[in-house]
Structure formats: structure tokens, C-alpha cells
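Student: Going left to right, the first sequence walks through residues 96 to 576 as our numbering numbers them. The beta carbon of each residue, even a glycine, is placed where N, CA and C say it ideally should be.
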Amino acid sequence: MQQFEKKELKKKSENISDWYTDVVLKAELADYAPVKGTMVIRPYGYAIWERVQEILNRMMRTKGVQNAYFPLFIPSSLLEKEKQHVKGFSPELAIVTIAGGEKLVDPLVVRPTSETIMYAMYAKWIHSWRDLPLLINQWNNAVRWEKRSYLFLRTTEFLWQEGHTAHETEGEAIDMVLAALEWYQNTYQEFFAVPVISGRKSTSEKFAGGKETYAIEALMPDGKALQAATSHNLGQNFSKPFVVSFQNREGKIEYVWQTSWGFSTRALGGLFLVHGDDHGLILPPKMAPFQVVIIPIFKKGLEQSDLITYGQLLAEDLEAKGIRVMFDKGDNQSAGRKFNAWEVKGVPLRIEIGEREMHDKTVTLVKRIDGEKFTIARAQLGQEILQLLDSIQQELFQKALEFLKSNIREANSYDEFKAIMQSKRGFIKAFWCESAECEAKIKTETKATTRCLPLDAAEEKGECIYCKKEAHHRWFFAQAY
RNA sequence: CGGAGAGUGGCGCAAUUGGCUAGCGCGCAUCGUUUGGGACGAUGAGGUUCCGGGUUCAAGUCCCGGCUCUCCGACCA
96 MQQFEKKELK KKSENISDWY TDVVLKAELA DYAPVKGTMV IRPYGYAIWE
146 RVQEILNRMM RTKGVQNAYF PLFIPSSLLE KEKQHVKGFS PELAIVTIAG
196 GEKLVDPLVV RPTSETIMYA MYAKWIHSWR DLPLLINQWN NAVRWEKRSY
246 LFLRTTEFLW QEGHTAHETE GEAIDMVLAA LEWYQNTYQE FFAVPVISGR
296 KSTSEKFAGG KETYAIEALM PDGKALQAAT SHNLGQNFSK PFVVSFQNRE
346 GKIEYVWQTS WGFSTRALGG LFLVHGDDHG LILPPKMAPF QVVIIPIFKK
396 GLEQSDLITY GQLLAEDLEA KGIRVMFDKG DNQSAGRKFN AWEVKGVPLR
446 IEIGEREMHD KTVTLVKRID GEKFTIARAQ LGQEILQLLD SIQQELFQKA
496 LEFLKSNIRE ANSYDEFKAI MQSKRGFIKA FWCESAECEA KIKTETKATT
546 RCLPLDAAEE KGECIYCKKE AHHRWFFAQA Y
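(1) Would you grab the beta carbon distance between L378 and P316 for me? Rounded to a whole angstrom, and I think it's under 8 Å.
(2) Taking the alpha-carbon positions, what's the D372 to K107 distance?
(3) Alpha carbon to alpha carbon, how far is Q574 from L254?
(4) Give me the Cβ distance between Q280 and V291, rounded to the nearest whole Å; I'm assuming they're in contact under 8 Å.
(5) Identify the residues that DSSP records as bridge partners of L444: which are they?
(6) Which term fits S293, buried or exposed, when burial requires 16 or more other beta carbons within 10 angstroms of its beta carbon?
(7) Note down, in chain order, each residue of its chain lying with its Cβ closer than 6 Å to the Cβ of F99, except the 5 sequence neighbours on either side.
(8) Should the region 190-198 be called in touch with the region 305-314, which here means at least 3 C-beta pairs below 8 Å?
(9) Given this structure, state the Cα-to-Cα distance separating L355 from I515, to the nearest angstrom.
(10) When you compare only the Cα positions, how much space is there between A323 and N162?
(11) Let's see if you can read the secondary structure: which residues bound the beta strand (DSSP E) around F572?
(12) D551 lies in the alpha helix (DSSP H); which residues open and close that run?
(13) May I ask you to list the residues that DSSP assigns as paired with H259?
(14) Considering Cα atoms alone, identify which of R451, A436, G441 is closest to D401.
(15) What are the boundary residues of the beta strand (DSSP E) that includes G330?
(16) When the distance is taken between beta carbons, is D201 closer than 8 Å to P170?
(17) On the DSSP bridge list, what partners appear for T544?
(18) Where do the ends of the beta strand (DSSP E) carrying P202 lie?
(19) Do the CB positions of R463 and G441 come within less than 8 Å of each other?
(20) Taking 6 Å as the limit between beta carbons, can you name the residues of its chain near N236, skipping five residues before and five after?
(21) For K395, tell me which candidate among E511, G449, Q284 has the shortest Cα-Cα distance.
(22) So, for E149: in the same chain, excluding its five sequence neighbours on each side, which residues have a beta-carbon less than 7 Å away from its beta-carbon?
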């Protein structure tokens, strides 16, 4: 019995954070690396990141954003040009002080984000309004020396895309900021099947050096919120110190209006946490590296090669329909072991083929989401699977949406607020006067921070939940990841 | 950076008051039998017990110093 238990996954229903770590390791998404806080993203996990790249690249192309690559090292003198920016990042910088065996006069910062190095270049490239807008994205890594790390959700080194644009007018820049936010929201909702709240950040939560920050916030099963991606309106805060200026249509010198926005591997953590159950991961079909796994069941007296041919043709048919298929045809693992392995990895559909199916020209189909098992004729399989994948995608989103909806609560008094934080957590909508003092006190006393003010939040009259002074909006609060 | 815990084959663990050739399960390799929910048998490989120093006839075990990891807090995408 004991040996059996060791094979089991930790239960999501019992302890979500143990489950999460366990499932990330066992599904072979990632593994711990030798340096504290770093991880290896393994092929299965990286395939999911590549899906994200495809999705976001496609979205970025619609607006003409181009990919490029800027260096990893930033001279510290450059980083220091924008005061709020250095101040915000300095506690978590990794700095190279010795290189080539010599002490560096100007140490090199390993990028925590690339505003400074990119804008030093933008200053060189932008001279006229005709050079605008400049729309560049890069897929890269960044390093922030986190004191406490967590697979995917907070690693010392992480992967992301960072988009950096420069515009002629602030209006254009704001359009860009909101467009990026919408891309992120779509990625999360339509592809990850995770509903989000998108909105503006408070002053204390905004990007160091920026003017306004917008974010998408997703609710995790433990009632904590995950800031899944951000989009910043930088105003002219960087263009001034970096002298990114241009001659406008009237011939006058002006500073550009800038934006930056990023979507990191952290977002994958949210994807893994939200879906999934005691048996492991559940990947939404649109993100799954394999949407279908075909498992042959060999039997004595059954010609193995016949079954493999049957499976091979099946796989080719499905692939021709654009379905991502894994045919796990090896004969050195029992079928049961394969079932379990692919369940942990969250493949949405499993096809079992054996003697019966081959004889009847059918397949046995099993849904990961609920374990439902049925037999269908091979002839209709492709169509059936496309429909199933679609309905599973919807079902996952609906489930997550219901969870989100039932975990958004209004608090009209501070007592009510505290009571919610002590029990179910989730999002709390409450009036707040927008003073940093109240925000800080609420955080210390309840762990909840302001998450955002939704874009469509109505202007209302109320009193701050903490100080009872006048307030105009109900902000979203939650304990953050 | 504070608090707690832990470092023993790849992984999970064991090793009596300090005592014999450091064990067990999983995994791995070879061969055979198997395969409809984590198969079985036989054989085999694999160890500087985190590092450095000390005490002792004798150290995985005790002492000192260091390092690393995990969890919990403050900081953060």
C-alpha cells in the first residue's frame, strides 16, 4: 500500500500549493535548477510557452509590432537615468561587477526589464514624426532577484515578451496600452480559458517610472489573485531623460509618448493552477501541446504492427484536420501507466485502440475533464473530436467564470472586508479614497492589496472603507500571489 | 533579509546509547513473460553520507565553522 501512495499525486483539493509544485514537476513542465529561484522549462512546458508566442505574435502583427532583440546587459549608468525606475528595481538587481578578469568601472546590470537600454537606442533612431510610431517587441529573459520564488509564478529569471512603443501623441500611446491589455485579456480568456478582471493599477502598484499601469488579474483557486500581465503608459517619463525626441509636423522638437507591456511565464502558472484536479493538470485544448493522445492496447495473439498501423493512420487523419496528436505507441509501458502519465500532463482527450476497436472500426474516447468514456465510429472521429475540443474549451472557461463570479464580493464596511479576507478571500469590491495610507494599512491588517479599478467601473459616491472619507470608485482588492 | 525545518545512490526514505561490509522501496540496465487503469520474475549497475575542521580506538551519527535547499513572513511580473 505504501508504495502505491508514493506514486500518487498530492491532492489539489487538500493543499493547492503542494499540488501545484508536484504537478509542475511530475507533468515535466519544469524542474528546479542549481541556482536558487531558477528553473528549467522542460520541453512539455516550453511547448506551451511556444503556443503563447504564436498567439501573441499573431496579435502583435495585426498592429504592425515587429520583433527584435536587445542586449542582456545594461550599463548601470543608463539604468539610473530615470529615478523612480532605478529606485523601484534596485533591490532586485543582479549586477556584473567583474568581467574578463577586470573590475568594471560602470557595472553591468542584468536586465530586470529593458526600457532603459531600448530607449537609449530609440533616441538614436527617432528624429522625425515620420519615424513614428516605433513598435518593437522582444521575446527574452529578464532577471529580478526575488527573495522568495515559486515555479513559474515568481522565478529569479523569467521569460516574457516586452513590447515597447513610441508615439507622436499621448492619445495614440493610450490606444496602444489598451490594445495590448486587450490582447492579454483575449489570450487569457479565449486560449487559457481563464476569465480575468482588467483595469488600472493604483499608484503604489504601478510600474516604477511609468505614468499609468493597467493589468489583467486572474483569481486562483485558493482565493488569491494573480497579476497575469501588465501594460504601461509611460507618458514622457522616459523619453525626457533618454532624450527620445522628434521634430513634429510643425517642425518643433517634442518628446515621444511611450508604452511598454509584458506577458511572462508567470502567466503559465496561472493556467496550471486554475484548471487541473487531483489527477493532475487539465490543459485547455487551445493551449495543449497535444490535444489527443492515442494509446494502443496490445494483446497476446494480436499482431502489434497491425495495431500500430491502425493508430498511425488515425493520427495522420487527425493531424490533417489540424489536431495536435501524440501517438504513444511504445510497448515497454503498460497501458495503465500511460493513461496515468498523460492524465497528469493534462491532455484533453485520450483515444484507446485495441483488438475490439480495430475489429469494429471504432475508437474508445475518454475526456480528461470528467473521465467520460465512449465509443465512436472511426469514420466520424475527426469531426467529433473537433467539436469535443471546442466544447471542453468552453466548459473549462465556464467553470472558471462561475468560480470567479461567485468569488467577487462587495464589502460595505471594513468589518465585512476583514471577515471576507479571513474566510474565503477572492476579490472584494470596496470604496477606497485612493490614498496610499489607507491602502498600506489595509494591506498590513488584512493582506489584501488593491488589484485594479476595472476599465468600465462606474463613477459612484461612497465613503472609503478604511478612513470613511469621500470615495468615487469601488476598487478590486485581493491578496496577491 | 528575519523565523522554522532539512541535506545519505537519480527520487523517497532507514541506519539502536557513536560500533561490523551504510540498508530498503521506487526508478534504471539486461533477458524473459506481459499489456482494456500505475504488470511480474530473474540477474545487475549505481555511494567522497553537502563542504571544511575538530573530538574519539571508532563519526552518517557528537562539537565548531561554512554552503545549499524547502516551508513561513517582509519585497516583487
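Tutor: Taking the definition as stated:
(1) Stepping through the first sequence from its first residue, residue 378 is reached at position 283. Stepping through the first sequence from its first residue, residue 316 is reached at position 221. Rounded, the Cβ-Cβ distance is 16 Å, inconsistent with contact.
(2) The residue labelled residue 372 in the question sits at position 277 within the first sequence. The residue labelled residue 107 in the question sits at position 12 within the first sequence. The alpha-carbon atoms of D372 and K107 are separated by roughly 6 Å.
(3) Looking up residue 574 in the first sequence gives position 479. Looking up residue 254 in the first sequence gives position 159. Each residue's alpha carbon lies about 24 Å from the other.
(4) Walking along the first sequence from the start, residue 280 turns up at place 185. Walking along the first sequence from the start, residue 291 turns up at place 196. Their Cβ separation, rounded to whole angstroms, is 6 Å, which keeps Q280 and V291 in contact under 8 Å.
(5) Numbered from its first residue, the first sequence carries residue 444 at position 349. In DSSP, L444 forms a bridge with V387, K462.
(6) Residue 293 sits at position 198 when you count from the first residue of the first sequence. Counting Cβ neighbours within 10 Å, S293 comes out buried, since at least 16 surround it.
(7) Counted from its first residue, the first sequence places residue 99 at position 4. With a pLDDT of 32 at F99, under the threshold of 50, the modelled position of this residue cannot be trusted, and the question is left open.
(8) no
(9) On the first sequence, position 260 is the one that residue 355 refers to. On the first sequence, position 420 is the one that residue 515 refers to. Residue 355 is actually Ser in this sequence, not Leu. Going from the Cα of S355 to the Cα of I515 covers about 35 Å.
(10) Against the first sequence, residue 323 aligns to sequence position 228. Against the first sequence, residue 162 aligns to sequence position 67. For A323 and N162, the distance between alpha carbons rounds to 22 Å.
(11) Here residue 572 is taken as the residue at index 477 of the first sequence, counted from 1. That run of the beta strand (DSSP E) goes 569-574.
(12) Walking along the first sequence from the start, residue 551 turns up at place 456. That residue, D551, is in no alpha helix (DSSP H); it is neither H nor E in DSSP.
(13) Counting from one through the first sequence, the residue named residue 259 turns up at place 164. The partner list for H259 (beta bridge, DSSP) reads I231, S355.
(14) The residue you call residue 401 lines up with position 306 of the first sequence. Taking only the C-alpha atoms, the option nearest D401 is R451.
(15) Position 235 of the first sequence, counted from the first residue, corresponds to residue 330. Taken as a continuous stretch (DSSP letters only), the beta strand (DSSP E) holding G330 covers 320-330.
(16) Locating residue 170 in the first sequence gives position 75, where the first residue counts as 1. Locating residue 201 in the first sequence gives position 106, where the first residue counts as 1. In this structure, D201 lies closer than 8 Å to P170 by Cβ.
(17) Locating residue 544 in the first sequence gives position 449, counting from the first residue. DSSP output for T544 lists A573 as bridge partner(s).
(18) Numbered from its first residue, the first sequence carries residue 202 at position 107. Start and end: 197-205.
(19) Counting from one through the first sequence, the residue named residue 463 turns up at place 368. Counting from one through the first sequence, the residue named residue 441 turns up at place 346. For R463 and G441, yes; Cβs fall inside 8 Å.
(20) Reading the first sequence from its first residue, position 141 is the one you call residue 236. The residues are E252, L254.
(21) Position 300 of the first sequence, counting from 1, holds the residue named residue 395. Measuring from the Cα of K395, the nearest candidate turns out to be G449.
(22) On the first sequence, residue 149 is found 54 positions in, with the first residue counted as 1. Here the set comprises nothing.
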